[in-house]
Amino acid sequence: MFFSVMFSPVFHTGRDCMGCAKTGSGKTAAFVLPVLQKLSEDPYGVFCLVLTPTRELAYQIAEQFRALGKPMGLKDCIIVGGMDMVTQGLELSKKPHVVVATPGRLADHIRSSDTISLNRIQFLILDEADRLLEQGCTDFTKDLEVILSAVPAKRQTLLFSATLTDTLQQLQSIAMNRPFFWEHKSDVRTVEELDQRFILTPEKVKDAYLVHLIQKFQDEHDDWSIMIFTNTCKNCQILTMMLREFNFPTISLHSMMKQRQRFANLAKFKSNVFKILIATDVAARGLDIPTVQVVINHNTPGLPKIYIHRVGRTARAGRNGVAITLVTQYDIHLISAIEEQIQAKLSEFPVEEKEVLKTLTQVNVTRRQCEIRLESTDFDEKKKINKRKQMILDGKDPDLEEKRKQEQEKIRRQKKKQNRKKEAKKHSAKPMAVDS
Numbered sequence: 001m002f003f004s005v006m007f008s009p010v011f012h013t014g015r016d017c018m019g020c021a022k023t024g025s026g027k028t029a030a031f032v033l034p035v036l037q038k039l040s041e042d043p044y045g046v047f048c049l050v051l052t053p054t055r056e057l058a059y060q061i062a063e064q065f066r067a068l069g070k071p072m073g074l075k076d077c078i079i080v081g082g083m084d085m086v087t088q089g090l091e092l093s094k095k096p097h098v099v100v101a102t103p104g105r106l107a108d109h110i111r112s113s114d115t116i117s118l119n120r121i122q123f124l125i126l127d128e129a130d131r132l133l134e135q136g137c138t139d140f141t142k143d144l145e146v147i148l149s150a151v152p153a154k155r156q157t158l159l160f161s162a163t164l165t166d167t168l169q170q171l172q173s174i175a176m177n178r179p180f181f182w183e184h185k186s187d188v189r190t191v192e193e194l195d196q197r198f199i200l201t202p203e204k205v206k207d208a209y210l211v212h213l214i215q216k217f218q219d220e221h222d223d224w225s226i227m228i229f230t231n232t233c234k235n236c237q238i239l240t241m242m243l244r245e246f247n248f249p250t251i252s253l254h255s256m257m258k259q260r261q262r263f264a265n266l267a268k269f270k271s272n273v274f275k276i277l278i279a280t281d282v283a284a285r286g287l288d289i290p291t292v293q294v295v296i297n298h299n300t301p302g303l304p305k306i307y308i309h310r311v312g313r314t315a316r317a318g319r320n321g322v323a324i325t326l327v328t329q330y331d332i333h334l335i336s337a338i339e340e341q342i343q344a345k346l347s348e349f350p351v352e353e354k355e356v357l358k359t360l361t362q363v364n365v366t367r368r369q370c371e372i373r374l375e376s377t378d379f380d381e382k383k384k385i386n387k388r389k390q391m392i393l394d395g396k397d398p399d400l401e402e403k404r405k406q407e408q409e410k411i412r413r414q415k416k417k418q419n420r421k422k423e424a425k426k427h428s429a430k431p432m433a434v435d436s
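Using full-length UniProt numbering, the letters of the sequence shown map in sequence onto residues 1 to 436.
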């Protein structure tokens, strides 16, 4: 609640605000409580609009509004993809007090309907603002433009994030009313209660280390919950299948799953029906699952801010937690960048290599069997089909987008080739030393 206590006084002045603080420091409470207080003074709909990058986070924020706003009869509405648009349109027409939405689906409603009215909102809140407004994320940017054109200029805009980016710093044009910027000043970008470790492992032995780690934690702390992050939907599915073969209670969370299944799996993990959740970065943002004691990075994140959000799933609200990153021979530079960003050194996690190697063959064989089983389900083909469907829903031509992608890749290859030639010329132009 530290962030909420520090931020609340400025909120009540009516100024637009940009807030950056560590994951787990109470950013959601920083806007839920003051909004409800203001709403109680003059209740009407739509009073507050909250935008967030993921569906899961939208449901979580709505849960907090419901829990705290129940005594005052709060009405809320969740507008996210994967759900029926007609039903959502009916809910919006009832003018709920609070709308929590992902930009893409809300923008679709605004484009397709003249009856949706957001012209009286008092508060526009952008949670995980750095991702919502990333320059490279063109879909979010276009959707935001549509939404901003539908909300009144006279409003209070609040932007929150755990990481400070150049994009976030450039957003004062959106926060129009004398924007106030507040950052939790700390040398360390992760909380003190988090024990951050790494394990050096050859790429081909990484899965064996993962199995060994999980077995170790289950033997020593059978009531602990573990989140494992990996980089692709396919890898997420394979690891889930593999760990189940070793009788670990495992479920997955990734974007290839249907929305209802994602919510169901998340609920099972939060209620401790399953102790292990393997997820892609769709789950790394903002999900507050207080019982997570361990986060394992199966792959080293390519960006420090992704690392910060991943490990932020543990050691929340003053609790202790452990984060372990499996580092291969190709990832050393990534760890250096992470340490520089968080202003802290990761310490090595002690592991008996002999114990790991005992299961290496079994783990590798099991993984290969799982890969073969997954290939038989046409997983990759389904991913391509889903991607094309999403492009069509977004108003894009899949074939044209693929052509553009190929052209961009061709330009990148040409630039690399030119750079290599320039480097070669530089080296050849250097005078050779002559022995005297």
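Heads up, the beta-carbon is just placed ideally off N, CA and C, and yes, glycines get one too.
Since the model is a prediction, treat every value here as computed from it, not as a measurement.
Put simply, the backbone Cα of histidine 333 is about 24 angstroms away from that of leucine 213.
Judged by DSSP secondary structure, asparagine 297 falls within the beta strand (DSSP E) whose first and last residues are 292 to 297. Less than 8 angstroms divides the Cβ of valine 311 from the Cβ of valine 295. Cβ-Cβ distances below 6 angstroms link lysine 275 to Ser225, Pro249 in the same chain, with the five nearest sequence neighbours on each side left out; the list follows chain order. The DSSP-derived three-state label of threonine 250 is strand. Taking a cut-off of 8 angstroms on C-beta distances, the segment 340 to 348 touches the segment 190 to 204, as three or more cross pairs fall below it.
Tryptophan 182 is bridged by DSSP to Gly19. Under the DSSP assignment, alanine 279 falls in the beta strand (DSSP E) whose first and last residues are 276 to 279. DSSP places arginine 197 inside the beta strand (DSSP E), whose first and last residues are 194 to 200. Under the DSSP definition of a beta bridge, cysteine 77 partners with Val99. Under the DSSP assignment, glycine 321 falls in the beta strand (DSSP E) whose first and last residues are 321 to 327. Scanning its chain for C-beta atoms nearer than 7 angstroms, with the 5 sequence neighbours on each side dropped, one finds around leucine 118 the residues Val46, Leu49, Ala150, Val151, in chain order. The C-beta of serine 161 has 16 or more other C-beta atoms within 10 Å across all chains shown, which makes the residue buried. With a cutoff of 8 angstroms on beta-carbon distance, aspartate 16 and phenylalanine 180 are scored as near each other.
The alpha carbon of isoleucine 121 has as its nearest neighbour, out of Lys95, Ala107, Met18, Pro103, the alpha carbon of Lys95. According to the DSSP secondary-structure assignment, isoleucine 228 is paired through a beta bridge with Ile278, Ile296.
Here DSSP, grouped into helix, strand and coil, assigns valine 35 to helix. Here glutamine 156 carries a strand assignment [DSSP, helix/strand/coil].
For glutamate 339, same chain residues with a beta-carbon under 8 angstroms away, outside a window of 5 residues either side, are Lys345, Leu346 in chain order.
When DSSP states are grouped into helix, strand and coil, isoleucine 125 belongs to the strand group. Per DSSP, valine 86 is one residue of the alpha helix (DSSP H) stretching across 85 to 93.
Arginine 111 and valine 146 have their C-alpha atoms spaced approximately 8 angstroms apart.
For valine 151, there is no enclosing alpha helix (DSSP H), as DSSP marks it with neither H nor E.
For glycine 89, same chain residues with a beta-carbon under 7 angstroms away, outside a window of 5 residues either side, are His109, Ser113 in chain order. DSSP places glutamate 348 in the strand class (E or B) of the three-state scheme. With fewer than 16 other Cβ atoms from the protein chains shown falling within 10 Å of its own Cβ, asparagine 320 counts as exposed. Collapsing the DSSP output to three states places leucine 49 in a strand.
In the structure shown, the three-state DSSP call for serine 161 is strand. Sorting Arg155, Phe140, Lys206, Glu128 by C-alpha distance to the C-alpha of isoleucine 324 places Lys206 at the top. Of the residues assessed, lysine 403 falls on the exposed side of the cut-off, its CB having fewer than 16 other CB atoms within 10 angstroms. Counting other Cβ atoms within 10 Å of its Cβ, glutamine 156 reaches 16 or more and is therefore classed as buried.
For arginine 66, the enclosing alpha helix (DSSP H) has its first and last residue at 55 to 69.
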